[in-house]
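Residue numbers (the numbering used here): 1 to 183.
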């Protein structure tokens, strides 16, 4: 909470959000949540910073995947992210836009999907749109819950965040299947 009131906290939040979308393992929620609780009137601003910086980082991840996937594949294969990368590639082949939306919103590692999106040569405008929607939903929900609910909402969010993310994934898959199978 002390760091969340630091004058440069929004800048640090943006930097964390940007680099987390490319390679950094710490999600921006760890800064966004206390900042939103400490300054609830600025929660929407913090969510916007987080979303835009995250999507910008996602575009850099996309470009890395598009132009340099061969250079980073050995690192990916040796990292704990390899299974997630293989899943991302399979999902992109099957779901396209929805894969990046789900990765942006859910506990799935977004950074892996940004690289996979570029490696699979997904069109950039739908990639950015899906990222904006997925990341924006996630970060604005976190900011709103913590700004309105305070410490009680934070405890509940920590307890149920993975379940909420997976429930969203399941819901989107069901809706996607419904549209795919509808006459």
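All residues carry an ideal CB built from backbone N, CA and C; glycine is no exception. Here the structure is a predicted model, which means the values were calculated and not measured.
query	result
Straight-line Cα distance separating residue 181 from residue 34	43 angstroms
Completely contained alpha helix (DSSP H) runs for the segment 4-33, where each covers 4 or more residues	9-20
Minimum C-alpha distance to residue 122 - residue among 99, 138, 137	99
Close-in-space but distant-in-sequence residues of the same chain around residue 84 (CB under 6 angstroms, 5 per side omitted)	109, 112
The segment 47-56 in contact with the segment 13-30 per 3-pair CB rule at 8 angstroms	yes
Nearest-angstrom Cα separation, counted from residue 11 out to residue 70	33 angstroms
Nearest to residue 65 (by Cα), restricted to the options 114, 145, 30, 148	114
Beta-carbon spacing of residue 57, residue 104 below 8 angstroms	no
Buried or exposed (CB count within 10 angstroms, at least 16 for buried), residue 29	buried
Assigned secondary structure, residue 131 (DSSP; H/G/I helix, E/B strand, else coil)	helix
Assigned secondary structure, residue 109 (DSSP; H/G/I helix, E/B strand, else coil)	coil
Residue 138 classed as buried or exposed, judged by whether at least 16 other C-beta atoms fall within 10 angstroms	buried
Nearest residue (CA-CA) to residue 25, options 143, 107, 129	107
Candidates 95, 143, 149, 147: closest to residue 127 by CA position	95
Spatial neighbours of residue 47 in its chain, beta-carbon cut-off 8 angstroms, leaving aside the 5 residues before and after	32, 36, 136, 139, 140, 142, 143, 144
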